Every structure is written in structure tokens, then in C-alpha cells.
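**Student:** Sequence order for the protein chains is G and Y.
Add 390 to the 1-based position in the first sequence for the working numbering, that's all there is to it.
At position 84 of the second sequence (counting the first as 1) the number is 80 in the working numbering, and the numbers step up by one without a gap.
Backbone N, C-alpha and C fix where the C-beta goes; we use that ideal spot for every residue, glycine too.
Keep in mind the model is a prediction, meaning the values are calculated, not measured.
Mind looking over this structure? Questions follow.
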Amino acid sequence: MLHEPAVTTGKDLAFPFKRKLGARLFIAYALFYAGFVAINLAKPALMEKTVFMGLNLAVVYGFGLIIVALILALIYSRACLKKEREMKGADAAGRNA
Amino acid sequence: MNVLSVVLFVTFVASVLALSFYFARKAKSASGYYAAGGKIHWSVNGIAFAGDYLSAASFLGICGMIATAGYDGFLYSIGYLAGWIVALFIVAEPLKRLGKYTFTDALDANYNHRGIKLLAAISTLVVSLCYLIPQMVGAGVLVTPLLGLPHFIGVIMVGMIVITIVATAGMTSTTYVQFIKGALLIVFSTVVVIVVLFRGLSTAPDQGGQVPFRENQTIAATESEGALVLADGAYQVLRTAEAKTLRFAALLQDGRESWWQIVPGAGPGEVILHETQSVVVKYDGGTIINGAPASKDNILRQAGRLTAIDGKTGPDAATGSLNPFKFLSKIGSPDTRVEQWKNVSFTDGQDNVTVYYPVQTPGNKILRPGLKFKIEGKPVDRIDFISLMLALFLGTAALPHILIRYYTVPSAAAARKSTIVAIAAIGFFYILTLFMGLGAMTNGVINLADDNMSAPLLARSFGTFLFAMISAIAFATVLGTVSGLIIAASGAVAHDLMDRYAGIIKSDKQKVFVGKIVAFVVGIIAIILGIIFKGVNVSFLVGLAFAVAASANLPSIVMMLFWKRTTGRGITASIIVGIVSSIGLILFSPTLYSLYGKDPASAPIPLNNPGIISIPLSFAALIIFSLLTKKKTDIKAV
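Given below as C-alpha cells:
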């Protein structure tokens, strides 16, 4: 049977930008995540230290990994949306010229 | 059996089935059946993502593991959530643009390679089955306290209901079941956390007055030349036994035999006997629990409490209501003591004895990794920890039942937005798991024989309504996830294998019909596996499914998108190596050896989590085979 995407989406001019940004943010988050794993292995006792509002580093870092994921996701979304609008505007202007 | 529980449960199941029949008319075409026509709104899809992803492992398994192993259970929450970053930044949009119904579509879009169609479909089936097992185990776990029915009945019920949901309306009904379940799970988990914080902490938890607090007994004794002399004449020493480095004594009182742990006392020759709980499986097959025959009324006592809070004991230690920060800081204090229960098994004559004994753990050790995962232990234990965290991080974006949800929205932008909604909802829920798990740990609600029930039993300590509601939602949790898994498996067989690989599907209608038959068959297989794997921690099992997904699927997805020299043969090699190596390593791992009834130390593979070996192997296979083969087509712009 014919194989094609369920919904035709057209060419995405912002795709290279989004791919590059996604890769960069992914690397940033992966390093943050790796830092958590590394502290646990290299200096596990550090995780017991109280660092914020009576909470230890393990809890703060763990919650931080969850909250930072959301913040990065929002940054990515906003940047993608902005670029998509820009590219759409440039594309429309190009066709009108 | 509780009437309210039954009413809520029946209402929920009836609603779900009604929803399925309502949507059945929309599932006539393949697009409608496998991808809900690509018309789901991104916000609904985002919550449905949460409903799909927050499985029995997340709700039952993680809460249970936190209740028994503290922060180590929360590592799963962190890893599961972090995986969504990979899904959002790397996978979401390209996959949406390349695919149609299944993950195989996207993988094969630039290659049109028969090997990819075959192997990606097999990979989908393998990962879905690995993931199905813990969900079905969770279903059985829930039904016993909720409806008073045996484990296998719960598994069969879930199987039959899910088959009905999937076979009637496919992805559309599955989406709305997942949406409702995801929303309810988050709302009612929040309610549970609020009441846990409102109750606060004490050293004598009584489940809100429902179950009188019971202090474990101790007996002073002296020991001379191996003979125990008890200070309490009401007890008679029958015999002693050793297991690993621990010593136990069987005592007789009023014709009832019980096991006590022997620990050294303060002076020479002095010992103290600590009360334990025990399960004795007699040579004739009978089971004795705490000295009396097992029955509906004689089961292991629920356990778990604090014996000191921030250095205080007794009534003075009670905190009253706490804010979330105080709740965590009180439990995590070095001066807090948590009574955890370990177990050890040994033979006593012809009988098999399992003794559950309390140990005191400082709070600062509870709220940091290390109790379950021996990060300060041998190098192999540390590697196992890295391996787990790696598989959790990379597994999410490779789960076929999650990936197919990208085809239910109308655009790549909608796929991105729905992922962000999912991250917000799932992240919030995972923060709640820490409070629910610790709530169970400190409120005397842990079922020693099965920690999977910790969250529902915690809810029960706040009354029947919350318990019934949480249990019904937990049951729905299983329904939602299993539906997604069966749809993924159904698409793999009907669309990938029978249509695109073998070319034997001749019409849209036929593809839907075959998909429904496959849903039935996979549902039956899931039922059988759910019964076989009874009693294994569901979060652990899901961790393994993540490892298989991360090994078999993720290298292909990433390399296809980021390395232009990737070839069809490279992808097929990667999938084969990923599946074989991850499953092979799991089958010879210490945990599986325990399941086989063998000594875990004799397992040929010392790692429980295979990802650290199988993921790089899969990447290496892809690179080597891609370099050895020539690409037929250029990568199309996505």
C-alpha cells in the first residue's frame, strides 16, 4: 500500500534551525543529567548535604532535573515558534516579490 | 470486598467501554484505527501521553520502591522524565513528519528496506511485550484488595477489557481513555499528597485511627554454649537457625510458633530477641503466617514507620501538618530513624521459611541514592547504576507505544506542543511520587509481600473513598497503557509486517480487521505473561523494557537523523544486535537468576541493567554495517 505521512505537512524551512537547537539543548541537559550520575558515583556523601530549605542535594538536584527539563522544553518551543513564524514570513515575502 | 470500591470500579469500566463503542464508528479506516485520523488536539494528546506513559510502573512500582528503598525508587522518576527531553529535542518532529502509523514507518521512510520493515516490527513487538508484563502484573496486584479477587482474575479482567477497547475503536478510544486516566491520576495523586502532608509524621502511625499502632516486641535473653535462656517465661525456645550473617530463633507461645531475630545485647552473654514476621511454606504445601495458617484474616501485618523524628521519639515526635519542604527535611534528617523491613529465606527441616525483620536506617541515608543501588559498592554495582540511568534516559524516546502517539496530532508543531504538555504533567506527577512513596514508608501501610500496593494502601489509610478512587484510577492506569501497547503491537503486525513487508493486505478495511485480530492475540499473550510474572516489582520490569527499547530502537532513530551515511543494513544490524544483546544480558542477569530459583551470585552476567553494554553495541553495529554497505538513496529533507 502507498506509504506516506498521515498528514501532509509540507516542507519545514525552520527544520535545520530546530534540529540544531534541539541537539544543543539535548547536550546541555544530558550534561546536567550526567552530573547527577557522576556526583552519586564520585562523591555520594555530597548528596546528603543540606543545600536549600532544609532539603539535601539529592532532592534538590532530582527536582531540578525535572524542573529544568520543563524550562528547556518551553525555551525550545518558544524559539521554534519564533523561527517558524520568521521563515513563514520570509517565504511569503519571497513569493510575493 | 468494599461496595464503594466495586461501584467505582464498575462505573469506570462501564464508562470506558461506552466510550469505546461510541468511537467505534470513527475507526473504520486504517488512519482512524491506528492514528485516530491524526486529528487529536495537542493539549489532549499531551495529557494522553501522560496517561499512556504513567503506567503501573510509575504509579505502583515507583511508589512501592520509594516506600521500601527510599530515594533509589525516585531515580526511576528522574530517569523516566529525563527521557522526554530526548523525545522532544531529537525525535518528536522528525518522527511526525516521516511516519504514518508506526515507528517503523519513520525509520524506513528514507530507505524502503525490507529488513527495516521486518526487524523494526519485531522490535516493536518485543518491546511492547516486555512492557506489557509489568502492566498486567500491576492489574493483578490491584484487583485483590479492591475486589477481593485472586491475582489471575485481575490479569484476565484487564486483558479482556483492553481487548474490547482496542478492538472496537483503536487509537481514538485509547487516546480518550488515556486522557481521562492521565488527568484523574494527577488530580487524585495530588489529593493523596495533600492529605499525607496534612497528617504529618509520627512514630506511632495508626492509619488515621483505623488500625491501632502495634509496637514490635523484644525479649531479653542470655546465651551460653549455644543455649538461649529467655527472661520472659511465657516463651519456649524451640530451635535456632542461621541465614546469611543473621541468626533467628523459633519460639513457642500458647501453641503458636514464631520467629525472632537474635542480636547481641549490651553485656557478655546477653542477647536481645526482636520480633519478626514470617511466612513458612510447609513441606505439605500449607502456608503458615506469623505462626498461624494463612487465611483472608491472617496475612502479614502492614509495616513501615519512623522510630525517631529529628532526634525525638514517642508522642513528642509527632509533627502535625507539614509543608512539603519540612516533610522532606524531617524524613531526611540524620537524626531521623526509619524502620525498614528486610527479608531472608532459609530452610527449616523440610519447610521453607521467609523471615521479615526490621532494620533502622538513618533518614539521611533514605533520602539519597544507595540503599538499593550500591553506588558505594563494587565497581560492577556502580556500572549497573550507570547502566540503569542510561537506559531510563534513552529508553523513552524509543518506546513504540509512545512514538505512535505522534501520529495522532495534525502537525509537527502539535507534536512538539503535546510533548511539552506531557513533560509538565509527567514531571509534576513524578514529584508527587516521592511524597506518596515516603508517605507509605512512614504510615505503616507497606505490604511486606508485595510493595507494588504501597500507593493504594496509603490511600486506604485515609478512608475507603480515596482508596476506591485511587485503586480505580490505578486500574485505569493499567488499561490506558496496555491499550497503547496493544495498538502498537497491532500496528506492527498488520501495517508493518503484513502490509508493508509481506504485501498481503489488500485494503484499508482488511488492515483494520487484521489489527483487531492481532489485538486479541496479543491481549491473550499479555494475560498469560501477567500471571507468570506475579510478585516481581513492576518498576524493575519496566526498567528492563526501557533497556531493550533504548538498545534496539534508539541508535537507529538518532543515527538516521544525524548521520548521513546510515544505511538500511546498518539499521537492521543495529536492531538485531540491540534486541539480542539486551535480552541475552537480561536472561543471564542476577535478578532473572533469582526468578529461576537459582543463586543470583552464580549468574554469568553480573549486571542487572544491560543498557551500558547493549546500547553502545547497537550503535557500533549500525556504524560498522553502514560503512560496509553503500546507501541506495539520499536522505530526503524532513
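1. What does the Cβ neighbour count give for residue 312/Y, buried or exposed, with the cut at 16 atoms within 10 Å?
2. So, is residue 93/Y buried or exposed, given that buried needs 16 or more other C-beta atoms within 10 angstroms?
3. Put residue 35/Y into one of helix, strand or coil per three-state DSSP.
4. Less than 7 Å between C-beta atoms, sequence neighbours within five positions excluded: which residues of the same chain meet that for residue 113/Y?
5. Rounded to the nearest angstrom, how far is the Cβ of residue 556/Y from that of residue 106/Y, given a contact under 8 Å?
6. Let me know if residue 321/Y comes out buried or exposed under the rule of 16 or more other beta-carbons within 10 Å of its beta-carbon.
7. Tell me, which residues are paired with residue 214/Y by DSSP?
8. Can the beta-carbon of residue 83/Y be found closer than 7 Å to that of residue 473/Y?
9. Is there at least one Cβ from chain Y nearer than 7 Å to residue 415/G's Cβ?
10. Closer than 7 Å, Cβ to Cβ, to anything on chain Y: give me those residues from the stretch 415 to 445 of chain G, in chain order.
11. Tell whether a beta-carbon distance below 7 Å holds between residue 578/Y and residue 599/Y.
12. Just grab the DSSP bridge partners of residue 289/Y for me.
13. For residue 49/Y, which beta-bridge partners are listed by DSSP?
14. Got a sec: is the Cβ-Cβ distance from residue 454/G to anything in chain Y below 7 Å?
15. Would you say residue 460/G lies against chain Y (beta-carbon separation less than 7 Å)?
16. Mind checking residue 45/Y: buried by the 16 CB within 10 Å criterion, or exposed?
17. Does any residue of chain Y bring its CB to less than 7 Å from the CB of residue 479/G?
18. How big is the Cα-Cα spacing for residue 323/Y and residue 53/Y?
19. Identify every residue that forms a DSSP beta bridge with residue 178/Y.
20. Using a C-beta cutoff of 7 Å, does residue 385/Y count as contacting chain G?
21. Taking the alpha-carbon positions, what's the residue 0/Y to residue 12/Y distance?
22. With H, G and I counted as helix, E and B as strand and the rest as coil, what does DSSP make of residue 344/Y?
23. Give the residues of chain G in contact with residue 80/Y, contact being defined as C-beta atoms less than 9 Å apart.
24. What's the gap between the Cα of residue 252/Y and the Cα of residue 435/G?
25. For residue 142/Y, count neighbouring C-beta atoms within 10 Å of its own C-beta (all shown protein chains included) and say buried if the count is 16 or more, exposed if not.
26. I want to verify the contact list: residues of chain G whose CB lies under 8 Å from the CB of residue 19/Y, in sequence order.
27. Just to confirm the assignment, what range does the beta strand (DSSP E) spanning residue 253/Y have?
28. With distance defined between alpha-carbon atoms, name the residue in 445/Y, 66/Y, 436/Y and 471/Y nearest to residue 456/Y.
29. Pull up the CB-CB distance for residue 565/Y and residue 48/Y, whole angstroms please, since I reckon it's below 8 Å.
30. When the cut-off is 7 Å and only beta carbons count, does residue 449/G lie next to chain Y?
31. Please report how far the alpha carbon of residue 636/Y lies from the alpha carbon of residue 160/Y, in whole angstroms.
32. Spatial neighbours of residue 135/Y within its chain, please: C-beta separation below 6 Å, excluding the five flanking residues on both sides.
33. Considering just the uninterrupted stretch of the alpha helix (DSSP H) at residue 635/Y, what are its terminal residues?
34. Measuring only between beta-carbons, confirm whether residue 5/Y sits less than 7 Å from chain G.
**Tutor:** Taking the definition as stated:
1. Exposed, by the Cβ-count rule.
2. Buried is the call here.
3. Looking at residue 35/Y - three-state DSSP - the assignment turns out to be coil, as it is neither helix nor strand.
4. Excluding positions up to five away in sequence, the list reads 100, 104, 492, 496 and 497.
5. Indeed, because the Cβ distance is near 7 Å, the residues count as touching under 8 Å.
6. Residue 321/Y comes out exposed.
7. Paired residues: 270/Y.
8. Their beta carbons are not under 7 Å apart, which means residue 83/Y does not touch residue 473/Y by this criterion.
9. Closer than 7 Å to some Cβ of chain Y, the Cβ of residue 415/G qualifies, so yes.
10. Of all residues in the stretch 415 to 445 of chain G, 415, 416, 419, 423, 427, 430, 431, 434, 437, 438, 443, 444 and 445 have a Cβ within less than 7 Å of some Cβ in chain Y.
11. Contact flag unset, no.
12. Answer is 284/Y.
13. According to DSSP, which records beta bridges pairwise, residue 49/Y is partnered with nothing at all.
14. Chain Y contact via Cβ: absent.
15. So, interface residue.
16. Here residue 45/Y is buried, its C-beta having at least 16 other C-beta atoms within 10 Å.
17. Chain Y, which has no Cβ nearer than 7 Å to the Cβ of residue 479/G, makes this no.
18. Cα to Cα, the separation comes out at about 24 Å.
19. Beta-bridge pairing links residue 178/Y to no other residue.
20. By the rule that beta-carbons nearer than 7 Å mark a contact, residue 385/Y touches chain G.
21. Rounded to the nearest angstrom, the two C-alpha atoms are 18 Å apart.
22. Annotated three-state conformation of residue 344/Y is strand, per DSSP.
23. Those within 9 Å of residue 80/Y in chain G are 459 and 463.
24. Taking the straight line from one Cα to the other gives about 45 Å.
25. Burial call: buried.
26. Per Cβ cutoff of 8 Å: no residues; residue 19/Y is ~17 Å from chain G at best.
27. Annotation for residue 253/Y: the continuous beta strand (DSSP E) segment containing it runs 252 to 260.
28. Per the Cα distances, 436/Y.
29. Contact between residue 565/Y and residue 48/Y is ruled out by a C-beta separation of about 32 Å, above the 8 Å threshold.
30. Under the Cβ distance rule, residue 449/G counts among the residues neighbouring chain Y, one pair being separated by less than 7 Å.
31. With chain Y covering -3 to 634 only, the question about residue 636/Y has no answer from this structure.
32. Hits under 6 Å: 150, 151, 154 and 474.
33. The structure shown has nothing for residue 635/Y, since chain Y only spans -3 to 634.
34. Not closer than 7 Å to any Cβ of chain G, the Cβ of residue 5/Y fails to qualify, so no.
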